[in-house]
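Read the structure below first, then the notes.
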Amino acid sequence: MVSDEFSPNPTENPLTQIVFTSNMISFNQEELLSQFPILSVKVHSNKRLVYLDSAATSQKPEVVMRAMNDFYEHANANIHRGIHALAELATEMYEKSRQKTADFIGASDASQIIFTRNTTESINLVAYSWGRKFLETGERILLTQMEHHSNLVPWYMLAEERGVKIDFIRVTDEGELDLEHYQQLLQTQPALVAFTHMSNVLGTINPAKEMIDLAHQAGALTLVDGAQAVPHFPVDVTDLNADFYAFSAHKMCGPNGIGVLYGRKKLLLEMPPFMGGGDMIKKVTFEGFSTNSIPYKFEAGTPAIAEGIGLGAAIDFLTSMGMQNVFDHESELAAYAFEVLTPIPGLAIIGPAPDRRGGVVSFTLQGIHPHDIAQILDREGIAVRAGHHCAMPLHQRFNLHASTRASLYLYNTKADLDALQQGLFKVIDTFK
Ligand code: PLP
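If you read the sequence shown in this note's numbering, its first letter stands for residue 35, the second for the next number, and so on.
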């Protein structure tokens with residue numbers, strides 16, 4: 035039998051012990067770090083790894099790796115099809131993860147959770163299936179100037195193919211959405227508003243609930259890109275009243291290769307399948323096929339089974355930490371990042387004040403290219419990202435070609451940000 039170890043009871047997880055210090059909540063950091071073996075690896079001849087690239091992908095706790103390993107050691111079989119012990123066990127484990135995912139984001143029914151490969155595939159699924167069925171030439175879609183390419187290119191492709199028109203909600207100089215402009219654009223009666231819950235460059239947390247409300251009043255559906263939200267703060271899709279909501283496991287302590295699309299039931303039932311093949315059908319004859327029920331209608335072929343189980347373990351892990359605690363910890367670190375970075379000569383942070391953003395801090399350093407910054411920091415063991423972060427139009431909006439991004443997660447500490455500050459002083463020294 036498979037041990038239950040990989041699915042820890044949140045109430046029994048020792049990491050939930052929260053340490054209260056000077057009015058702030060912080061995790062039992064030592065124990066937490068011990069859950070992430072990779073954070074003790076040394077880089078570049080014995081330098082401590084300072085990992086500040088979690089917006090690209092998060093590190094994985096041992097419980098997630100163990101869950102996947104356990105699956106391969108004790109339960110590996112294909113799901114939904116086999117009538118044997120392992121197949122039934124594998125199916126049960128995979129479907130349990132779907133239920134955990136539904137509970138984690140407040141979906142009322144697990145059939146509304148479609149497993150995809152990642153956020154990108156989730157958005158593409160909507161653009162292909164819903165977009166190609168329901169959008170006619172001349173109809174409008176609203177996006178924002180702060181979108182990741184994943185929430186731009188699928189719509190550009192649809193626009194090219196179908197003659198759909200795209201408008202962009204402006205971003206203010208402070209890095210927030212211009213909500214007045216949004217209200218004006220809503221008067222053009224768009225069919226869909228697709229926007230990111232949190233910007234992967236500016237860190238801005240958008241007022242998703244208010245935006246969805248306004249979209250609905252204008253008769254538009256909504257798609258929220260939650261790639262940078264679900265890993266970092268509590269998200270309840272029912273409370274938000276979102277029509278579609280997309281995110282990736284690998285940014286939330288889970289494995290690569292599995293993502294989620296939440297959809298409103300009525301919409302999912304009306305939408306045609308995205309891909310054809312095994313599992314998505316009810317019946318196939320020489321004349322044609324009929325489709326399976328949701329969510330299977332959208333899941334053709336053998337899925338990423340171990341990864342689905344890994345996602346379930348990541349959800350257990352994050353639940354045991356408490357998503358509000360994760361957010362509070364990152365907010366405090368974001369404020370500290372401002373404290374240590376703003377005094378650095380020539381450094382400019384892009385985006386709003388720390389109390390209006392999550393744990394993503396992108397900046398420029400006068401006269402020094404972000405790639406040079408990242409390279410010198412790397413030699414100090416500090417992993418940051420440099421470039422356009424898959425948001426070229428947003429960089430264009432700020433007249434930038436690139437920026438350097440430090441992105442935080444629950445395992446980061448103030449010491450990591452002190453190291454970043456020291457590293458940046460070295461960068462400046464190098465270019466003197
Ligand atoms: N949307 C946002 C806001 C992101 O930050 C990312 C990844 O960085 C994506 C979408 C795409 O995620 P994935 O590559 O997992 O599909």
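Note that the Cβ used here is the ideal one computed from N, Cα and C, for glycine as well.
Between the segment 81 to 91 and the segment 440 to 460, the count of Cβ pairs shorter than 8 Å is three or higher; the stretches touch. Counting other Cβ atoms within 10 Å of its Cβ, P71 stays below 16 and is therefore classed as exposed. By DSSP's assignment, V318 forms a beta bridge with F323. 7 Å or more divides the Cβ of N240 from the Cβ of L219.
Within the DSSP secondary-structure output, R419 pairs in a beta bridge with R439.
Those residues that have a beta carbon less than 5 Å away from any non-hydrogen atom of ligand 1 are, in order along the chain, N152, T153, T154, H182, S184, T230, N234, D259, A261, Q262, S282. In the same chain as P306, and ignoring 5 residues on each side of it, the C-beta atoms closer than 7 Å to its own belong to S163, K167, in chain order. For the pair R419 and D412, the Cα-to-Cα distance works out to about 10 Å. For F281, the uninterrupted beta strand (DSSP E) segment begins and ends at 278 to 282. M191 is not bridged by DSSP to any residue. For A144, there is no enclosing beta strand (DSSP E), as DSSP marks it with neither H nor E. DSSP, read as helix, strand or coil, puts F459 in helix. When beta bridges are read from the DSSP output, F229 appears opposite V258. Boundaries of the beta strand (DSSP E) harbouring G293: 293 to 297, taken from the DSSP string. By the CB criterion at 7 Å, A283 and L295 fall outside the cutoff.
Listed in chain order, the alpha helix (DSSP H) elements of length 4 or more contained wholly in the segment 100 to 185 are 119 to 138, 153 to 159. With three or more CB-CB distances shorter than 8 Å, the segment 393 to 402 counts as touching the segment 420 to 439. Distance check between L458 and each of A368, M180, I402 places I402 closest, using alpha-carbon atoms only.
Scanning A101, V394, A242 for the CA closest to the CA of H423 turns up V394. Comparing alpha carbon positions, the residue from E96, R132, F372 closest to I339 is R132. DSSP lists L399 as the bridge partner or partners of I402.
Note on H78: under 16 other CB atoms within 10 angstroms of its CB, so exposed under the neighbour-count rule.
By the criterion of a C-beta distance shorter than 8 Å, I384 is surrounded in its chain by G209, V235, L236, S396, F397, T398, F432, L434, S437, once the five residues flanking it on both sides are discounted. Between G165 and L192, the CB-CB gap stays under 7 Å.
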